[in-house]
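Worksheet: one structure, shown below.
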Amino acid sequence: RIFILAAGIDKIWGDEQTNMSCNTLSVGCRNLCYNKTFPLSHTRLWVLQILTVSTPTLVYLGHVLLVIRKENKMRKRLQQKKDRDGVDKVPKYSDESGKVKLKGVLLVSYMLQLVFKIVFEVLFIVGQYLIYGFIVMPLEITCSEYPCRKQEACFISRPTEKTIFICFMLAMSVFSVVLHIIELLYLMFSKVKNRKRRSSGSVSQKVQHTQTNPSSRETVTVC
Numbered sequence: 131r132i133f134i135l136a137a138g139i140d141k142i143w144g145d146e147q148t149n150m151s152c153n154t155l156s157v158g159c160r161n162l163c164y165n166k167t168f169p170l171s172h173t174r175l176w177v178l179q180i181l182t183v184s185t186p187t188l189v190y191l192g193h194v195l196l197v198i199r200k201e202n203k204m205r206k207r208l209q210q211k212k213d214r215d216g217v218d219k220v221p222k223y224s225d226e227s228g229k230v231k232l233k234g235v236l237l238v239s240y241m242l243q244l245v246f247k248i249v250f251e252v253l254f255i256v257g258q259y260l261i262y263g264f265i266v267m268p269l270e271i272t273c274s275e276y277p278c279r280k281q282e283a284c285f286i287s288r289p290t291e292k293t294i295f296i297c298f299m300l301a302m303s304v305f306s307v308v309l310h311i312i313e314l315l316y317l318m319f320s321k322v323k324n325r326k327r328r329s330s331g332s333v334s335q336k337v338q339h340t341q342t343n344p345s346s347r348e349t350v351t352v353c
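In structure tokens:
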């Protein structure tokens, strides 16, 4: 979306208010029609959307860098000691090559940033609908309030191209929401599956330990 927005925004939109032509010379009528139809420019709304949706990812990356930095310091302290006696913690979120393991606090942080991105995307989709109504860019808009003298008509430049651009950005937003929901559900099911696997593994180990040590049961019976 950033690439498409940067590549085509100036050529398609440009200065919307200047390019809009009206069939009147009344001073301020064109400004009124533009303000009434577009209280917030599409381009500024999309830039704000991209910045807002990207913020949770940036916060998560900052959290990851903080965790890696702490574990690198911890790893250096472990290397300085010949034995690990007296060391409370060992690195568990990253290895020596710097590869991050998505578990524990990092997993929760990653899932939270997905939730926030979904919420922000949905809010901007709803906000775009509430501000502009339908996704089709109108060819003609009419204004009758002062300073327009009567029912004046104003015409928007390149309405078809703008409609295609609006549909594309809306489709990308919906696609992003769907992908984030799928990823979130996948992480949740994987977490539940791994927890069940660990619990079943611990139960099987207890059963095997009991079978290999029958004397323990006999001792309990005698007591």
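For the working numbering, add 130 to where a residue sits in the sequence shown, where the first one is 1.
Note that the Cβ used here is the ideal one computed from N, Cα and C, for glycine as well.
Close Cβ partners of Gln281 (< 7 Å) along its chain, the five nearest in sequence each way excluded: Thr272, Ser274
Mark Phe254 as exposed unless 16 or more other C-beta atoms lie within 10 angstroms of its C-beta, in which case mark it buried. buried
Taking the C-alpha atoms as reference points, what is the distance between Cys163 and Asn153? 12 Å
I'd like to check one pair, Phe298 with Ile180: are the Cβ atoms closer than 8 Å? no
Looking at the unbroken beta strand (DSSP E) that takes in Glu275, where does it start and where does it end? No beta strand (DSSP E) holds Glu275; DSSP gives it neither H nor E.
How is Phe254 classed by DSSP in three states: helix, strand or coil? helix
For Ile248, which residues in the same chain have their Cβ closer than 7 Å to its Cβ, ignoring the five residues on either side in sequence? Val307, His310, Ile311
What is the DSSP secondary structure of Ser151, counted as helix, strand or coil? strand
Cβ-Cβ distance between Leu232 and Leu314 below 8 Å: no
Report the residue from Val189, Lys200, Val304, Leu178 whose alpha carbon sits nearest the alpha carbon of Ser239. Val189
Classification of Ile132 by the beta-carbon crowding that lies within 10 angstroms, buried from 16 upward: exposed
Measure the C-alpha to C-alpha separation of Thr167 and Tyr262 and round it to an integer number of angstroms. 7 Å
By a C-beta neighbour count over all protein chains shown, 10 Å radius and 16 as the cutoff for buried, is Leu260 buried or exposed? exposed
Can you tell me where the beta strand (DSSP E) holding Phe285 begins and where it ends? 282 to 285
Quick check on this structure: which residue in Val157, Asn202, Met241 has the alpha carbon closest to the alpha carbon of Met318? Met241
With a threshold of 7 Å on Cβ separation, who are the neighbours of Gly158 within its own chain once the five nearest residues in sequence on each side are excluded? Pro277
What is the DSSP secondary structure of Phe168, counted as helix, strand or coil? coil
Rounded to whole angstroms, what's the CA-CA distance from Val177 to Arg327? Just pull it up for me. 44 Å
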